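Enquirer: Below: one structure in structure tokens.
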Amino acid sequence: MTQSYIGLLILTVLVSSITGMEMLVSSSDASLPGNLDETFREISSLSGAEWGLGVVEFKTGEEKTFETNSQFPIEIPHLPLTAFAIVLSNEGIIPLDDLIARNEFFWERLHWAQQGSHGMCQAVIWSMGEGRINEWLDSNGYNGTVINGVQQNYPECPIVDTNYISVNDAMAFLKIVYGNIDQSSVRNIGSNPPLSDFNRATLGLDNVIYAWIDITENSKLMFLIIDQPVDSDLGIVVLAKNIDDPADVDQGFRTLYEALTD
Amino acid sequence: MKKLGLMILLTGIVLLAGCAGDNPANPGGTLADVTGLTIDATSAGQNVVLTWNAVADVDGYYVYFRTTSTGTWDKVGDVTATTYTHTATSAGYYVVMAYKGSDTSANNSNEVNTMPVDDTTTYTIYDNYSAADEHSAFIFGKTSGSGQTGLASNTNFVQDIYAWDLSKGDTDVWLLSGNWGTYGNGRQSYMFEPAQAGYCDVWTTSTSGPSGPWFSQSYMLYTSDARVFVYLYDGYYAKIYNLSISADPNTANGTIVSFSYEIQTIAGLTLFTSK
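Shown next, in the form of structure tokens:
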């Protein structure tokens with residue numbers, strides 16, 4: 001019996017060693033550039049905006065962030081809801097492939113939210129239950145995220161308090177999405193993002209992009225999973241508030257993306 | 001000779017067709033009438049459970065059904081027991097008669113029916129992109145003309161359903177369960193897409209409501225829709241018909257939903273008329 005345990009221990013150490021070596025090689029192949037801090041500082045000096053930035057190389061887990069815990073207003077909290085929906089689906093509570101309504105799959109509503117539908121995003125919140133969402137945020141330490149609902153724009157609609165997200169939480173949500181990207185319904189949610197022409201040009205045609213964008217009068221938030229043809233997939237978070245022009249944020253994103261890929 | 005034989009045969013057929021037991025409106029037999037015909041409380045969905053009092057010394061009972069109060073009776077059952085379950089595809093009327101050989105009851109039993117209350121009033125509700133003072137919510141009443149519209153935003157109006165637009169289109173509109181969404185202070189309703197007018201083939205006897213294709217939160221309406229089945233909080237089924245969806249001319253993205261409805265008066269039955 002003891003010998004079996006010892007054998008198992010040796011085997012475990014061996015496997016761990018091998019896995020660690022692979023991680024090391026992969027990390028070496030796809031590590032983030034060393035001058036990212038400088039790039040972050042460069043972006044943060046663009047316009048008079050306040051910035052939050054984050055990058056993760058999914059395969060290695062290597063990541064860099066800037067203004068990690070500052071909160072940024074998010075009008076349509078599609079990314080955190082998508083992450084929670086994946087958790088609920090994996091637990092069998094609300095499968096993404098469920099018909100949540102007539103001719104409407106649950107993933108479909110999340111995709112419409114990703115496309116910018118206030119009403120659909122609110123419907124997702126109703127389906128999940130605000131209490132359950134907040135419980136999930138609290139229990140997982142997503143303290144930078146606050147979800148109060150989605151402000152609607154029909155006559156005399158109730159005023160909804162501002163939602164918030166932080167770089168740190170956004171990075172965690174992107175990792176949840178990426179960790180389940182093998183599911184077609186998850187890919188469906190994040191596909192065909194409403195990117196500006198400028199950002200499409202930045203990203204080129206070779207990558208598969210899953211993204212969530214939120215634009216208000218004075219903020220723009222970008223959350224992207226970039227599935228690259230090379231063995232390196234990136235997660236990028238660009239948050240900016242108090243902006244004069246959303247194009248400034250696009251420029252910041254281009255600066256960051258080029259630093260990562262050049 | 002052949003002609004005479006044919007005439008005798010035809011006369012025989014006519015006599016047989018007219019003999020007692022083949023006209024439930026006027027059986028004219030010598031047996032006692034069936035009494036106590038009732039629709040049992042175990043009836044559910046399309047299954048109408050009929051029971052009646054026994055008649056002594058008979059071979060069995062014929063069960064007749066028709067979809068209108070003056071229509072032609074169709075024999076749907078021939079049983080020896082004093083109960084029969086009819087799987088119907090429409091609401092309708094029932095009578096039973098006893099038979100022994102070719103003899104039948106003198107008269108039909110009492111008549112029972114599964115006809116829904118038909119509220120032919122045209123009700124109109126508006127979605128949230130119409131003016132805020134337009135009624136958006138609805139309560140199904142169980143007597144004709146007792147349906148009500150009201151403001152979903154009014155917490156004193158405990159609606160069964162209300163109209164809501166999740167995507168801000170001119171004719172985009174959803175029916176929301178009364179207890180779901182921003183104004184979800186109302187009662188739970190489930191909605192279902194009808195395959196036909198007269199019946200719904202998916203039902204439940206559970207108090208927690210039907211599952212599967214019944215939707216407990218919202219139900220998108222298409223402009224081509226004519227009907228919607230609704231399962232109400234108290235176990236009764238209703239059918240919206242004469243459904244019309246149109247753009248509200250007074251607002252940019254408002255939508256008007258107008259309809260009439262039938263509601264079953266027997267809890268659990270999913271039978272309606274052909275409307």
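Protein chains in written order, with this note's numbering: chain A, 1 to 262; chain B, 1 to 275.
Glycine included, C-beta positions come from ideal geometry on N, C-alpha and C.
All of these numbers come straight from a predicted model, not from anything done at the bench.
Kindly say whether A:E156, judged by its beta-carbon, lies nearer than 7 angstroms to any beta-carbon of chain B.
Expert: Chain B, which has a Cβ nearer than 7 angstroms to the Cβ of A:E156, makes this yes.
Enquirer: Put B:M220 into one of helix, strand or coil per three-state DSSP.
Expert: The three-state secondary structure of B:M220, taken from DSSP, is strand.
Enquirer: With B:Q278 and A:A101 assumed to form a contact (beta carbons below 8 angstroms), what rounded beta-carbon distance in angstroms separates them?
Expert: A question about residue 278 of chain B goes unanswered here, because the residues of chain B that appear run from 1 up to 275.
Enquirer: For a quick check, are the C-beta atoms of B:S105 and B:G29 less than 7 angstroms apart?
Expert: yes
Enquirer: How many angstroms separate the CA atom of B:L271 from the CA atom of B:S189?
Expert: 17 angstroms
Enquirer: Using a Cβ-Cβ distance under 7 angstroms, would A:G119 count as near chain B?
Expert: yes
Enquirer: Could you confirm whether any beta carbon from chain A is found closer than 7 angstroms to the beta carbon of B:V257?
Expert: Not closer than 7 angstroms to any Cβ of chain A, the Cβ of B:V257 fails to qualify, so no.
Enquirer: Hey, would you say the C-beta of A:V186 is under 6 angstroms away from at least one heavy atom of the ligand FMN?
Expert: The ligand FMN is not part of this structure, which contains no ligands at all.
Enquirer: Can you tell me whether B:A44 is helix, strand or coil according to DSSP?
Expert: strand
Enquirer: When burial is assigned at 16 or more other CB atoms within 10 Å of the CB, is A:S232 buried or exposed?
Expert: Burial call: buried.
Enquirer: Name, in chain order, the residues that DSSP records as bridge partners for B:D119.
Expert: Its beta-bridge partners are B:Y261.
Enquirer: Note the first and the last residue of the continuous beta strand (DSSP E) segment covering A:A240.
Expert: D233 to K241
Enquirer: DSSP beta-bridge partners for A:E62?
Expert: Partner(s): A:E57.
Enquirer: Given A:N153, which residues of its chain have a CB within under 8 angstroms of its CB, disregarding the five upstream and five downstream residues?
Expert: H118
Enquirer: Here's the rule: buried if 16 or more other CB atoms are within 10 angstroms of the residue's CB, otherwise exposed. What is B:N113?
Expert: buried
Enquirer: Report yes if the C-beta distance between B:V96 and B:Y129 is below 7 angstroms; otherwise report no.
Expert: No Cβ-Cβ contact shorter than 7 angstroms links B:V96 with B:Y129.
Enquirer: Near B:G77, which residues of its chain fall below 6 angstroms by C-beta distance, leaving aside the five closest residues on each side in sequence?
Expert: Excluding its 5 nearest sequence neighbours in each direction, B:G77 has C-beta neighbours in its own chain below 6 angstroms: V63 and Y84, listed in chain order.
Enquirer: Which first and last residues belong to the beta strand (DSSP E) in which B:N242 is found?
Expert: Y237 to A247
Enquirer: A:V25 to A:V160, Cα distance in whole Å?
Expert: Interpretation of A:V25 is limited by its pLDDT of 30, a score under 50 that renders its predicted location unreliable; no figure is taken from the coordinates.
Enquirer: Taking B:T38 as the reference, give the member of B:P249, B:N110 and B:G235 with the closest Cα.
Expert: B:N110
Enquirer: Against B:F215, what residues of chain A qualify as contacts under a CB-to-CB distance less than 7 angstroms, listed in chain order?
Expert: A101 and R102
Enquirer: Anything in chain A within Cβ reach of B:N128, meaning under 8 angstroms, just list it in chain order.
Expert: Q152, Y154, P155 and C157
Enquirer: If contacts are defined as beta-carbon pairs under 8 angstroms, then A:Y210 and A:V177 qualify, I think. What distance do you get, rounded to the angstrom?
Expert: 7 angstroms
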